[in-house]
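Under the numbering used here, read the sequence shown as residues 1 to 475, first letter to last. Backbone N, C-alpha and C fix where the C-beta goes; we use that ideal spot for every residue, glycine too. Model, not experiment: these values are computed from the prediction. Working notes, structure below.
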Amino acid sequence: MRYLPVFLDLRTGPILLIGAGELVRAKLRLLLSAGARIRWYAIDGDHELGGVTREQAARIERGAGDPLAADLSGVIAVLCAGAGDLGPAMAARARAVGLPVNVMDDLVHSSFIFPAIVDRGDVVVAIGTGGSSPVLARRIREQIEALLPARIGDLANFIGRFRKTFNTRIAQFPLRRRFWERVVDGPIGALVLAGREAEAEYELTGIVDPSRYAGAQAAGAEGRVTLVGAGPGDPDLLTIKALRALQDADVVFYDELVTPEILDRIRRDASLVPVGRRVGKPGIGQDAINTLLIEAAQAGQRAVRLKGGDPFVFGRGGEEVQALRDAGVAYSVIPGISAGLGAAAQFEVPLTYRHEALRITFLTAHKAKDADTVDWSTLTDVKMTVVVYMGMTAAPSVLAGLLKAGRSPQTPVGVFARATRPDAKAAVGTLSELPVLVEQVDGGPAILIIGDVVAHSAPWRETQLQQLLMQVAAE
Ligand code: SAH
C-alpha cells in the first residue's frame with residue numbers, strides 16, 4: 001500500500017482548483033456536493049457551471065490572473081488540470097508549502113489521488129488501485145455498491161445520533177462494542193434499513209433502563225469458539241462466513257499454514273496467537289491449544305480457531321470440538337476449502353471424471369510410519385483418485401504402497417506445492433517418478449494427487465507440449 005486512504009474534512013478550508021472542461025466540472029460537482037469551498041481558476045476562461053445549485057455556486061470564489069500566483073492562504077488541497085507545464089509548476093508550488101496536490105492524469109506530480117467512491121451519506125467507501133487502474137477500481141465499486149444495503153448511510157447516521165448517550169452509559173469498551181453490534185445486527189438495525197427509523201428509535205430509546213442493559217452485560221460474558229477453515233492460502237477463497245467470523249473475533253489462534261494475506265483479513269484490534277508448529281520448533285501441543293480455546297471462551301471472548309484448509313480434514317478439528325463439548329463451551333464450525341480441492345482447481349485436475357475416476361480417497365502419510373499403517377489393498381481400484389496430505393517425506397512409501405496395491409508405475413501423478421498461493425508450483429509425471437517429483441517443487445506444503453485424472457491437468461498438458469516441441473526440434 002503506497003496511498004493511504006484518509007478522509008478529508010472539507011469544512012476546514014477551501015480547495016484550490018485550476019482548469020476547465022468537463023473533467024474539471026465533474027470534480028467541481030463532486031467537491032461541492034461534499035460541502036467544499038472552492039477557489040477556482042478556470043484558466044481558459046470557461047466558467048460555465050452545469051448542474052450546480054445556487055447554494056453550491058455561492059461556495060465558489062473565482063480566481064483571476066496567473067494561477068501560479070494564486071493565494072494559498074487557508075487552502076487545504078490543490079487540484080490542477082492545466083495542460084503543459086502548469087501542472088508540474090503548480091505541484092512544485094503546493095509541495096513547497098506542504099499542501100497535498102493532485103495533478104489530473106499525472107501520477108508523477110500528484111501527492112494524493114482520488115479513489116473511486118461509494119457514497120451512501122455517512123458511509124463512504126474509497127477504492128484505490130494505486131493509480132494503476134481506475135477501470136478496475138470502478139468495477140470493484142460496482143461490486144461494493146451491489147453488496148451494501150441501500151440505507152446503510154441512514155444506519156450510520158442513526159447510530160451517530162445516539163452514540164454519545166449510550167457510550168456514556170456503557171463505560172466498558174468491549175461491552176459498548178457488543179452493544180452497538182447488537183443494534184447493527186439485530187432488529188433495530190433491520191428497522192432502520194427498512195426505512196422505519198421512528199420505530200427503530202422507539203426501540204433503542206427503550207433500552208435506557210439500567211436493568212435492561214445489565215442483561216446485555218450478562219450476555220457479554222457469552223464467549224464462544226468458532227473453528228474456521230482458512231482454505232489453502234488465497235484469501236479470496238475464504239467463505240463469506242469465515243470472513244465474518246474473522247471480522248468479529250476478539251482473539252484468533254492460528255496454524256502455521258495460515259498465510260499472512262489471510263491474517264490481514266482479521267479485525268485490526270483482535271489478538272493474534274500463533275499455535276502451530278514453527279520451522280524447527282514443535283508447537284505448543286494439542287492439549288495446550290484446547291486449554292487456550294476453552295479459557296478464552298470462558299473469559300467471554302469470541303475466539304476463532306483458524307486452521308489451514310478445512311478444520312475437519314486432517315486438521316484435528318474433531319479433537320478440539322470434543323474438548324469444547326466436554327468443557328461446555330459454545331462453539332461452531334465453518335468449513336474451508338481443503339488443500340486438495342484448492343490444488344485440483346488451480347492445476348485443473350478433475351478429481352472425478354465420467355468413466356475414468358469414480359471415487360476419491362483423501363489420505364495422510366505424514367511419516368513413513370503412517371504410510372506403513374495404510375491398508376494399500378483398499379487403493380487398488382484404478383478408477384479411484386488418491387489425494388495425499390503431508391506426503392512429501394513419505395513419498396517413497398506411498399510409491400511402494402501403491403505398487404503393492406497393483407497400481408501401474410505409469411499412473412499419472414502430480415505434486416502440487418503451495419497451491420493457490422502466489423508461489424504455487426507443480427511437478428507432474430508418473431507414479432514411478434514420485435520421489436523425484438517431490439524434490440522438484442522447492443518445498444511444501446504440497447498435495448500429491450495420483451490417478452489417471454492427473455493427465456487432464458494443465459501442468460500435464462504443458463509438459464506434453466514441451467516434449468512434443470523438443471521432439472520436433474530434434475528431428
Ligand atoms: N486441514 C488442512 C490440511 C492440514 S494437513 C486442509 O484441509 O487442507 C497439512 C497438509 O495439507 C500439508 O502437509 C499439505 O499436504 C497440505 N496443504 C496445506 N496447504 C496446502 C497448500 N496451499 N498447497 C498444497 N498442500 C497444502
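Beta-carbon gap between residue i and residue j smaller than 9 Å
i	j	result
residue 384	residue 360	yes
residue 264	residue 230	no
residue 246	residue 228	yes
residue 412	residue 452	yes
residue 438	residue 395	yes
residue 152	residue 141	no
residue 333	residue 311	yes
residue 118	residue 159	no
residue 233	residue 420	yes
residue 272	residue 266	yes
residue 115	residue 5	yes
residue 443	residue 387	no
residue 447	residue 407	no
residue 36	residue 10	yes
residue 476	residue 377	This structure cannot settle anything about residue 476, because the visible part of the chain is limited to 1 through 475.
residue 461	residue 441	no
residue 314	residue 362	yes
residue 189	residue 198	no
residue 343	residue 414	yes
residue 99	residue 27	no
residue 173	residue 204	no
residue 74	residue 41	no
Per-residue DSSP class, three states only, for residue i
i	result
residue 61	strand
residue 418	coil
residue 390	coil
residue 3	coil
residue 429	strand
residue 34	coil
residue 364	strand
residue 221	Any reading at residue 221 must be qualified, since the residue scores a pLDDT of 47, below 50, and its modelled position is unreliable; no value is offered.
residue 307	strand
residue 98	coil
residue 351	coil
residue 92	helix
residue 324	helix
residue 253	strand
residue 412	strand
residue 104	coil
residue 239	coil
residue 151	coil
residue 188	helix
residue 454	helix
residue 21	coil
residue 343	helix
residue 358	coil
residue 205	helix
residue 293	helix
Close-in-space but distant-in-sequence residues of the same chain around residue i (CB under 6 Å, 5 per side omitted)
i	result
residue 91	101, 103 and 109
residue 107	131
residue 123	152, 153 and 156
residue 235	261, 262 and 265
Closest Cα partner of residue i within the set the options
i	options	result
residue 111	143, 136 and 76	76
residue 268	275, 252 and 274	252
residue 131	51, 105 and 12	105
residue 65	52, 39, 78 and 55	39
residue 286	305, 260 and 170	305
residue 250	241, 297, 207 and 284	297
residue 329	374, 300, 97 and 357	300
residue 303	309, 291 and 60	291
residue 389	402, 445 and 401	445
residue 182	344, 207 and 125	207
residue 372	398, 382, 380 and 379	398
residue 237	308, 1 and 171	308
residue 25	51, 78 and 7	51
residue 56	168, 97 and 32	32
residue 30	53, 454 and 374	53
Sequence-distant residues of its chain with Cβ nearer than 8 Å to residue i (five each side left out)
i	result
residue 456	348, 349, 350 and 353
residue 43	18, 19, 20, 67, 82 and 86
residue 240	none
Cut-off 7 Å between Cβ atoms - residues of its own chain near residue i, not counting five sequence neighbours on either side
i	result
residue 279	Low per-residue confidence applies at residue 279: pLDDT is 49, beneath 50, and the placement is therefore not dependable enough to give any value.
residue 318	312
residue 327	294
residue 509	With the chain running from 1 to 475 in the structure shown, residue 509 is simply not present.
residue 195	151
is_contact[residue i, chain B] using C-beta, thresh 9 Å
i	result
residue 469	Chain labels in this structure do not include chain B; a single protein chain is all it has.
The ligand MN heavy atom lying under 8 Å from the CB of residue i
i	result
residue 389	Inclusion of the ligand MN in the displayed structure is not the case, the ligand content consisting of the ligand SAH alone.
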